[in-house]
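One structure is given here, and the rest of the page talks about it.
In UniProt numbering, the protein residues as written are 1 to 175.
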């Protein structure tokens, strides 16, 4: 067994994203996607102890639907990578509908969401680790409002779809 005295941490933008919510799950379970095989080969060569996968579509609420396990089992392990016994996802704002006058926006326009995305969880992320993850200690800024950030740089003006970012009621809920 090879041991090393360093902790290797990596972040990889895997671009596992699609405008259709279930599309990535289908690719992960199929196991034959060449792009995912190449990504897995790179990850296996780097061999990180802790790995953050960016643009890894998810449900948006952080609930594990088995996609991370499918990626590990169907792509990473066959490429010679770690089995990453510990992994998690947390809720994100991408694709989360912005509520107008108490009603969710159902326009499916990605720039009308709390964070750009065609569906809640598009462009999410997954954390994989060889070490236990203390999930109770994880922090997310999903509920943090831009207006509460000191010296925030909230977008100004109106979006192409008519959202007025200078509107006080929008600023109260924008996160």
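Virtual Cβ for every residue (Gly too), placed ideally from N, Cα, C.
The structure presented is a predicted model; accordingly, all values stated were derived computationally and were not measured.
For the alpha helix (DSSP H) containing residue 70, name the first residue and the last one. As a position in the chain shown, residue 70 is number 70, starting the count at 1. Its alpha helix (DSSP H) spans residues 67–71.
Roughly how many whole angstroms lie between the Cα atoms of residue 9 and residue 48? Within the chain shown, the letter at position 9 stands for residue 9. Within the chain shown, the letter at position 48 stands for residue 48. Residue 9 and residue 48: Cα-Cα distance of roughly 5 Å.
DSSP state of residue 112 mapped onto helix, strand, coil: Position 112 of the chain shown, counted from the first residue, corresponds to residue 112. Correct three-state label for residue 112: helix.
Span of the alpha helix (DSSP H) holding residue 45? Taking the chain shown and counting its residues from 1, one reaches residue 45 at position 45. DSSP places residue 45 inside the alpha helix (DSSP H), whose first and last residues are 34–46.
My assumption, with CB atoms under 8 Å, is that residue 28 sits in contact with residue 64. Please give the rounded CB distance. Numbered from its first residue, the chain shown carries residue 28 at position 28. Numbered from its first residue, the chain shown carries residue 64 at position 64. Going by Cβ atoms, the distance from residue 28 to residue 64 rounds to 13 Å, so no, they are not a contact pair.
Can you give the beta carbon distance from residue 81 to residue 43, rounded, assuming they're within the 8 Å contact cut? Your numbering for residue 81 matches position 81 in the chain shown. Your numbering for residue 43 matches position 43 in the chain shown. Going by Cβ atoms, the distance from residue 81 to residue 43 rounds to 5 Å, so yes, they are a contact pair.
What are the start and end residues of the alpha helix (DSSP H) that includes residue 23? Your numbering for residue 23 matches position 23 in the chain shown. Unbroken alpha helix (DSSP H) run through residue 23: 23–30.
Rounded C-beta distance between residue 7 and residue 127? I'm assuming under 8 Å. What you label residue 7 is simply residue 7 of the chain shown in a count that begins at 1. What you label residue 127 is simply residue 127 of the chain shown in a count that begins at 1. Not confirmed; about 15 Å, so no contact.
Decide if residue 57 is buried, meaning its Cβ has at least 16 other Cβ atoms within 10 Å, or exposed. As a first step, residue 57 must be located in the chain shown, where it is residue number 57. So residue 57 counts as buried.
Taking Cβ to Cβ, would you say residue 60 is nearer than 9 Å to residue 95? Position 60 of the chain shown holds residue 60. Position 95 of the chain shown holds residue 95. Less than 9 Å separates the beta-carbon of residue 60 from that of residue 95.
Minimum C-alpha distance to residue 98 - residue among 16, 117, 41: Looking up residue 98 in the chain shown gives position 98. Residue 117 is the option with its Cα nearest to residue 98.
If you follow the beta strand (DSSP E) that residue 55 is part of, which residue opens it and which one closes it? Here residue 55 corresponds to residue number 55 of the chain shown, with the count starting at 1. That run of the beta strand (DSSP E) goes 50–56.
Nearest-angstrom Cα separation, counted from residue 137 out to residue 16: Numbered from 1 along the chain shown, position 16 holds the residue referred to as residue 16. Numbered from 1 along the chain shown, position 137 holds the residue referred to as residue 137. For residue 16 and residue 137, the distance between alpha carbons rounds to 27 Å.
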